[in-house]
Amino acid sequence: MQSLINLLKFFVQRFEVLKPRTDDLQEVKTIEDADGERYIAICLLPHGRYRYDEYMWLGPWEEDGVALDDGYWSCQCISGLYETVEAAEADARATTSWLKK
């Protein structure tokens, strides 16, 4: 039994290392679409580089005419790293379809 517990602890520790650390991000700028269904968050990472994340509102999920939840923001894209906020924003505007319109 103890070996099973040790094995579980091992996998839990490995999973903790692989989880994304969103608490280390500092959101410095957002760009929203006109209908409020999508937005870009430009974030500063602890090492001083920037990235942008694209989010889309999904929901509420309905089945047989009954809402199963209130909906949620789903991350659609996480960019690469950029030296400046301006570089991250320029790339987001150049590559995100709803920002090009």
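Quick note on my numbering: the sequence shown kicks off at 862 and runs consecutively.
Note that CB positions come from ideal geometry on N, CA and C, so glycine has one too.
(1) Taking the Cβ atom as the reference point for each residue, do residue 917 and residue 937 lie within a distance shorter than 8 Å?
(2) Pull up the DSSP beta-bridge partners for residue 899, would you.
(3) Can residue 911 and residue 905 be called in contact, C-beta distance under 8 Å?
(4) Quick check on the burial criterion: 16 or more other C-beta atoms within 10 angstroms. Buried or exposed for residue 915?
(5) With which residues is residue 890 paired in a DSSP beta bridge?
(6) My output table needs one value for residue 954: the three-state DSSP class, helix, strand or coil.
(7) When burial is assigned at 16 or more other CB atoms within 10 Å of the CB, is residue 933 buried or exposed?
(8) Quick one: Cα of residue 931 to Cα of residue 922, how far?
(9) On the DSSP bridge assignment, give the partners of residue 922 in chain order.
For this structure:
(1) yes
(2) 917
(3) yes
(4) Residue 915 should be labelled buried.
(5) Among the bridge pairs identified by DSSP, residue 890 is matched with 903.
(6) helix
(7) With fewer than 16 other Cβ atoms within 10 Å, it is exposed.
(8) 7 Å
(9) None; residue 922 has no bridge partner.
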